[in-house]
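J.: This is the structure I have questions about; it appears just below.
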Amino acid sequence: MASLKINKILTIESNTSNTLLESMEHAGLQPEYNCRDGHCGACRCTLISGEVEYVGFAMAYTQGNEILPCVCKAKSALELENVKYFPKAKRA
Ligand code: FES
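Taking this note's numbering, I'd label the letters of the sequence shown as residues 52 to 143.
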């Protein structure tokens with residue numbers, strides 16, 4: 052498990068056998084995605100600190116410090132920014 056800090060406001064645990072996108076979903080978030088395969092760039096966010104391992108091909112354009120959570124796993128504690136997500140909807 053590695054801690055995953057998101058947008059400076061939320062910290063979740065990331066199981067190192069899951070992608071970062073899956074870890075966010077398991078934590079109850081609804082992160083933005085489309086292809087889940089490194090092509091579209093919908094999940095793109097900024098890696099502030101830590102190290103990731105790519106488990107698929109990142110075909111979408113990324114700048115130097117940007118990553119694609121759908122094809123990355125955590126190799127260490129991570130800090131991410133510009134993550135687009137919705138909190139899990141609460142039922143009344
Ligand atoms: S969801 Fe398409 S690149 Fe991540």
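Note that the Cβ used here is the ideal one computed from N, Cα and C, for glycine as well.
Just so we're clear, the structure is a prediction, and the values are computed from it rather than from any experiment.
Note down, one range per segment and in chain order, each alpha helix (DSSP H) of at least 4 residues found wholly within the segment 55-109.
T.: Listed in chain order, the complete alpha helix (DSSP H) runs (minimum 4 residues) inside the segment 55-109 are 71-77.
J.: I'd like to know if the segment 128-136 and the segment 98-110 are in contact, where contact means that at least 3 CB-CB pairs between them fall below 8 Å.
T.: The segment 128-136, when compared against the segment 98-110, does touch it at the 8 Å Cβ threshold.
J.: What does DSSP give as the partner residues of residue 32 in its beta bridges?
T.: Residue 32 cannot be examined here, being either before or after the span of the chain that is shown, 52 to 143.
J.: Keeping to the same chain, check which residues put their C-beta closer than 6 Å to that of residue 104; ignore five residues upstream and five downstream.
T.: Counting from one through the sequence shown, the residue named residue 104 turns up at place 53. Closer than 6 Å at Cβ, skipping near neighbours: 124, 126.
J.: Does at least one heavy atom of the ligand FES sit under 7 Å from the Cβ of residue 133?
T.: As a working note, residue 133 is residue 82 in the sequence shown. No - the ligand FES has no heavy atom lying nearer than 7 Å to the Cβ of residue 133.
J.: Buried or exposed: where does residue 136 fall if 16 or more other Cβ atoms within 10 Å of its Cβ makes it buried?
T.: The residue labelled residue 136 in the question sits at position 85 within the sequence shown. Looking at its Cβ environment, which holds 16 or more other Cβ atoms inside 10 Å, residue 136 is buried.
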